[in-house]
Amino acid sequence: MDILPVSLYEYLALFLLCFVSFLIGWFLRGKKRHTAAVADDKPSGTTIDISVPGKMVRAVQTRKRGGEAVAGADFRRLQHTYDPLPPEAFEDVEPTDDPSKKTSAVRDDLKRINGIGPAIEKKLNKIGIYTLLQISNFTREDIENVAKRLESFPKKIEKEQWVEQARALLNDPSEYE
């Protein structure tokens, strides 16, 4: 008994059988994916902290469908009702930001430092270094970490004296122009 199709009708029947099987599988796969998505339907990034005892989160209608304010809506209930922490709660807290390492909101042209080209400047920006002030405040540990992340020669920053150049540029911007 020969299994291979011989005539055009057998080829057509085999094609239709394969096509119908494909459509059934495609439909069931889509149905399964949709069912899984509905079952796992959780809005991303929206969490409510209900760990505060005695406080309930309730929705209050403030507007009608047309956008008009609801008569008698108590907007004061919507204000923040949690008690602030007492000052004693902050006694043992140490600041995490070193004021000497504050950066300006403006990005500096890091390419003004000899040894930093466009590619290295992009890499520095990717790791969060945007200003000359940041580079001028590098510690030895910072230099090692940046060198690892830049995947450059380990001593490039020290050899080309980026920290000293950044300090000089901060003191006299025209020095390296």
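Numbering-wise, the sequence shown is residues 413 to 589 according to our numbering.
For every residue, glycine included, the Cβ atom is placed at its ideal position computed from N, Cα and C.
Since this is a predicted model, take the numbers as computed values, not measurements.
Beta carbon of Ser548 nearer than 7 Å to that of Ala501: no
Own chain, CB closer than 6 Å to Gly527, minus 5 neighbours either side, in chain order: Glu572
Helix, strand or coil at Leu536 [DSSP, three-state]: helix
Residue of Val432, Cys430, Leu522 and Val575 minimising C-alpha distance to Glu553: Val575
Option nearest Leu545 by Cα separation, candidates Lys568, Leu581 and Lys535: Leu581
Boundaries (first-last residue) of the alpha helix (DSSP H) holding Glu563: No alpha helix (DSSP H) contains Glu563, which DSSP labels as neither H nor E.
Residue range of the alpha helix (DSSP H) that includes Asn583: Trp574 to Asn583
Asp520 classed as buried or exposed, judged by whether at least 16 other C-beta atoms fall within 10 angstroms: buried
Buried or exposed by the 16-neighbour rule on C-beta atoms within 10 Å, applied to Glu533: buried
Extent of the continuous alpha helix (DSSP H) run through Leu522: Here Leu522 belongs to no alpha helix (DSSP H), and DSSP marks it neither H nor E.
Lys523 vs Leu562 beta-carbon contact at 7 Å: no
N-terminal and C-terminal residue of the alpha helix (DSSP H) that Leu416 is part of: Where Leu416 is concerned, there is no enclosing alpha helix (DSSP H), given that its DSSP letter is neither H nor E.
Neighbourhood of Glu570 by C-beta, 7 Å cutoff - its chain only, sequence neighbours within 5 removed: Ile555
Span separating the alpha-carbon of Tyr423 from that of Lys443: 30 Å
Asn537 to Val518 span [Cα, whole Å]: 12 Å
Cβ-based burial, Ile415 [other Cβ within 10 Å; buried from 16]: exposed
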